[in-house]
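Participant:
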Amino acid sequence: MLKLTLRTVNANKIRLALTTFAVVLGVSFVVSSLVLGDGLRSSFGSLSEEIVGGTDLVIEPSSEFGTPQPLEENLETTVEGIDGVANAVGFVENDNIQPVTADGTPLTTFGPPLIGMSWVDDPALSSFTIVEGRAPASGYEFALDQDAARDNGFEVGSTYGIVTPNGEVDMELVGISRFGESNSTLGAILSQYPMETAQELFNRTGQYDSILVSYESGADPTAVQAAVSSVLPAQTEAIDQAQLLDNAKADFNEGINIFNNILLGFAGVALFVSIFIIANTFAIVLGQRTKELALLRAIGASPKQVRRSTMTEAFIVGVVASGLGILGGLGLNYGLRAMFDALGASLPDSPLILAPRTLIVAVVVGVGVTMVSALGPARKAAKVAPIAAMQDSVDAPKASDLRRNLTGAAVMAAGVLLGAFGLFGQIEGSGARIAILGSGSVLTFVGLAFASPAVAAPVISALGLPVRVLGTAGSLSTQNAGRNPRRTASTAASLMVGLALVTTALVVGESIKQSISETLASEVKADYISAPEVPINPMLLEDLEASGHFDAIAPYRYDQIRIGDDVDGVIGTDLEATDDLFDLGLAAGALTAGSDVVAIHEDEATEHGYVVGDSIPVTFPSGTTESMTVSAIFTSSTIMDESYLINMSDWDSRFGEVVNWWAAVSVADGTSIDVADATLAELAQRYPQAPFENQTDFRETIQGQIDSLLVAINAMLVLAIIIALVGIANTLALSVFERTREIGLLRAVGMSRRQTRRMIRWEAAQVALFGSILGIGLGLIFGWGVVTALPESFVSTLAFPVSRIAILVVVCGLAGLLAAAFPARRASKLDVLDAISHA
């Protein structure tokens, strides 16, 4: 039986090639995801080691929540006087410092930070080396990492703008620095400044973000760390080198793991699609070999041997696909990088690491998916009676269809219920929710695939109405597509999965965009909004006020506070101006100026029983607790997405970070929109990093960002759709082989080669359209469920992108025609006499 199995695989290698290709694509996606993740972990692990460098101990502020208060400058002297400490150096940094090129363009990145920091002279405590010029020593001078300098034309001795939280200042570039041994910044832009200058620019005058400590030779690290810790004030900690390294790697790995899991999720979709194709292919191939299998049964082969032979074929296909998938994954790794580059989200350079774990996973996935997919066809092949098979009487009894439909309906119902629980149920942890939603989706897809043969014939008949006007070829294409509902449904199911997910993403995206438009129309009274990627310069807000053309100006800051046992987000702003700029749906009280007042969202007020006028204890990140008076209770959470609002006058003394992340303004009475536009255009020349947009432009900017995210999601799902189209081509190719004699007879009675090609192509188009109807229909339901489950503050309107969905249907039909190109060409070239004599 083993020899026979190997000969069968060799004889059917062309038939199995497209099946192998489907598995290869899925395995390649898995391998490329793991290779990319391992490479990024290696790069960021090396970066962590470079960051820690020779630092033995780092003193940092700590807080149970929110942004901790910076360290006082005099702590540096205290630590330096401890026995065993060789040196203690204060350090400040800021993640939003933008050097400006000679032509006035601020440097930007997509993802990696733009870090400005104080220059550290002690080589034992610094990972930087000056490779050209000198280190920044005093005044307004700076150094820049060599990659950023080279790539953007910065030259030592020239003066450039530096965008800081306190505005743009002109500074002289006095040195080019190298980070570590090879300046492996992974896309970050690193600039260094004299300490006093950095403190001034980063709002850290008299303060440090951390203190770097090195030990004397021969000092006991444990004893020194204990001595340092004993002199530290409250909410301050001393972290040793090993813990620093672990913390840095853990921070990087957390983001990498999220990114890697997203990629593996899309790879799982591709593999799930592959299962339908593999099962369909084996079912067709085994159906075409019924006489051969019957003969084996007649000469003594048991059902178990037939089943084992079929599973061995699947095993061989899986092994070959796994090997090719590993090679393909290495190539796809570069393809994924190119895709992210095209989307403006370039990934940092990283080594190509093919870990043993990756090889094992590739083989397990490739072989496992193939063998699981072949189980059903193998069991069916083993059950065929020898005599019936030799008579080609292998039609399943009618009860089988009924049983299949009932099973599909039950599985689909279970999937819908599980998905509903995942969307609306009380579930702790996002991981558990995602697992439940994923399981529900899989069951729904499988159930619909089982039940869809019941509607395949009538739907195909309806889809075939337009092509019947094309004559005999069109009419026959519809009959061929509908003659085997199970095969048609199984082929369409693979396309259904990808299109359902694409449609879901489109519905959710369109609903979010529509909700944003409605929110801007109903809740936003501001004439202009600025929400840049970097903090807003306070001087810009001062200039807006000084212009006299704007009467309500409000910046917005974010942090956390604790009330009782609950930690919640808080926004710092000008409450009185906010009342003029936004309709927050006040339920009680008023948004007023003044100290020690707080506005609370209705949900929080109801939960804690607060009413206007109540005095509530509020604990800030510094650890201090003060009483604040409830001045207002608001109901909207769309614009103000935190539960507590306080006045800016209460912010600076209570929070460690003073950063304006966005702002809104309204035009003063008597000022025309043209004058306001001209004023903002003039200010944009001085503050290009934070442009103000009117409501229309602001809405278009946000909608553009959503569209970019949808492009990224759909680009990742394209692979699943490509696999599905390969499945259509595979099914048609096998179907042409199966119908060789039939096609020969059609050619003999006058059908031309062109008509033959048309017949096959229109058949593929109808199968593709059937799959698109199933997928888009299911996607609309999924989209409705997701939108309904999301908080109303995030999305409040259900919207369907009708035009995009219509385009999707058309594209699917055209893709079906394209997928049929090879089978149609092969069918048209069959020799008529050879085809008629085909057994």
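Residue numbers (the numbering used here): 11 to 849. Heads up, the beta-carbon is just placed ideally off N, CA and C, and yes, glycines get one too. Note that the structure is a prediction, hence the values are computed from the model and not measured.
#1: For ALA691, tell me which candidate among GLU703, GLY680, SER682, THR681 has the shortest Cα-Cα distance.
#2: Rounded to the nearest angstrom, what separates GLY216 and ILE125 at their Cα positions?
#3: By DSSP, does ALA311 sit in helix, in strand, or in coil?
#4: Please state whether the Cβ-Cβ distance between VAL235 and LEU364 is less than 8 Å.
#5: Within 10 angstroms of the Cβ of GLY63, are there 16 or more other Cβ atoms? Answer buried if so, exposed if not.
#6: Tell me which residue opens and which closes the alpha helix (DSSP H) that HIS618 is part of.
#7: SER462 by DSSP, collapsed to three states: which one?
#8: So who's on the other strand from GLY579, going by DSSP bridges?
#9: How far does the alpha helix (DSSP H) with PHE702 in it reach, from first residue to last?
#10: In the DSSP assignment, find the unbroken beta strand (DSSP E) run with GLN436 in it and report its ends.
#11: Which class does ARG188 belong to by DSSP, given the choice of helix, strand or coil?
#12: Under 6 Å Cβ to Cβ from GLN108, same chain only, skipping five residues before and after it: list those, please.
#13: If you follow the alpha helix (DSSP H) that LEU693 is in, where does it begin and where does it stop?
#14: So, PHE630 versus PHE592, is the Cβ gap smaller than 8 Å?
#15: Assess, as a yes-or-no matter, whether the segment 823 to 830 is touched by the segment 772 to 784 under the definition of 3 or more beta carbon pairs within less than 8 Å.
#16: Assuming ALA834 is part of the alpha helix (DSSP H), what are its boundary residues?
#17: Given a threshold of 16 other Cβ atoms within 10 Å of its Cβ, counted over all protein chains shown, does TYR344 qualify as buried or as exposed?
#18: Report the CB separation of PHE152 from PRO146 in whole angstroms; it is logged as a contact under 8 Å.
#19: Could you check which residue in ARG317, GLY278, LEU281, ALA304 has the C-alpha nearest to that of PHE292?
#20: Since GLU555 sits in a beta bridge, which residues does DSSP pair it with?
#21: Taking all protein chains shown into account, do 16 or more other C-beta atoms lie within 10 angstroms of the C-beta of GLN699, making it buried, or fewer, making it exposed?
#22: DSSP three-state call for THR215: helix, strand or coil?
#23: Where does PRO122 fall in DSSP's three states?
#24: For MET638, which beta-bridge partners are listed by DSSP?
#25: Using the three-state DSSP reduction, which class does ILE285 fall into: helix, strand or coil?
#26: How far does the alpha helix (DSSP H) with SER605 in it extend, from its first residue to its last?
#27: If you check the beta carbons only, do VAL33 and GLY338 fall under 8 Å apart?
#28: Is the beta carbon of SER72 sitting closer than 8 Å to the one on THR246?
#29: Run through DSSP, which three-state label would LEU81 get?
#30: Quick check: GLY492 and ILE522, are their CB atoms within less than 8 Å of each other?
#31: Kindly identify the DSSP beta-bridge partner or partners of SER676.
#32: Is ASP613 closer than 8 Å to THR639 when the C-beta atoms are compared?
#33: Reducing DSSP to helix, strand and coil, say where ASP405 ends up.
#34: Look at the Cβ atom of GLY149, then the Cβ atom of GLY185, and state whether they are nearer than 8 Å.
#35: Does the beta-carbon distance from GLY508 to THR488 come in below 8 Å?
#36: Give the C-beta separation of ALA280 and ILE846 to the nearest angstrom, bearing in mind that I take them to be a contact with Cβ-Cβ under 8 Å.
Facilitator: Result, derived from the coordinates:
#1: The residue with the shortest Cα to Cα distance from ALA691 is GLU703.
#2: In this structure, the CA atom of GLY216 is about 20 Å from the CA atom of ILE125.
#3: Secondary structure at ALA311: coil, using DSSP grouped into helix, strand and coil.
#4: The sequence shown places Gln at residue 235, not Val. No; because the gap between Cβ atoms is not below 8 Å, this pair is not in contact.
#5: Of the other Cβ atoms in all chains shown, 16 or more fall within 10 Å of the Cβ of GLY63; this residue is therefore buried.
#6: Element bounds for HIS618: 612 to 618.
#7: If DSSP states are grouped into helix, strand and coil, SER462 belongs with coil.
#8: GLN570.
#9: According to the DSSP assignment, PHE702 belongs to no alpha helix (DSSP H), since it is labelled neither H nor E.
#10: From DSSP, GLN436 is part of no beta strand (DSSP E); its letter is neither H nor E.
#11: Residue state for ARG188 is assigned as strand, using DSSP reduced to three classes.
#12: Once the five neighbours on either side are set aside, the close Cβ partners of GLN108 are PRO116, LEU117, LEU124, VAL173.
#13: Residue range 683 to 696 is occupied by the alpha helix (DSSP H) that includes LEU693.
#14: Cβ distance not < 8 Å, so PHE630 and PHE592 don't count as in contact.
#15: Yes, the segment 772 to 784 touches the segment 823 to 830.
#16: Boundaries of the alpha helix (DSSP H) harbouring ALA834: 831 to 838, taken from the DSSP string.
#17: Answer is exposed; the Cβ neighbour count stays below 16.
#18: Yes, PHE152 and PRO146 are in contact; Cβ-Cβ is about 5 Å, under 8 Å.
#19: Relative to the Cα of PHE292, the nearest Cα in the group ARG317, GLY278, LEU281, ALA304 belongs to ARG317.
#20: Beta-bridge annotation (DSSP): GLU555 is not paired with any residue.
#21: By the neighbour-count rule (16 or more Cβ atoms within 10 Å), GLN699 is buried.
#22: In the structure shown, THR215 sits in coil (DSSP, three-state: anything other than H, G, I, E or B).
#23: Of the three classes helix, strand and coil, the one that applies to PRO122 here is coil, per DSSP.
#24: DSSP, once it has assigned bridges, lists ILE626 as partnering MET638.
#25: It is helical.
#26: From DSSP, SER605 is part of no alpha helix (DSSP H); its letter is neither H nor E.
#27: Not closer than 8 Å, so no.
#28: Against a cut-off of 8 Å, the Cβ pair of THR246 and SER72 comes out as a contact.
#29: Look at LEU81 here: in three-state DSSP terms it is strand.
#30: No, Cβ-Cβ distance for GLY492 and ILE522 is not below 8 Å.
#31: According to DSSP, SER676 bridges with ALA562.
#32: For THR639 and ASP613, no; Cβs fall outside 8 Å.
#33: Below a pLDDT of 50, predicted positions are generally treated as unreliable, and ASP405, at 46, falls in that range; the measurement from the model is reported next regardless. In the three-state scheme derived from DSSP, where H, G and I count as helix and E and B as strand, ASP405 is classed as coil.
#34: Cβ atoms of GLY149 and GLY185: not closer than 8 Å.
#35: Contact annotation: GLY508 and THR488 have beta-carbon atoms that are not nearer than 8 Å.
#36: Not quite, the Cβ-Cβ distance comes to about 41 Å (not below 8 Å), so this is no contact.
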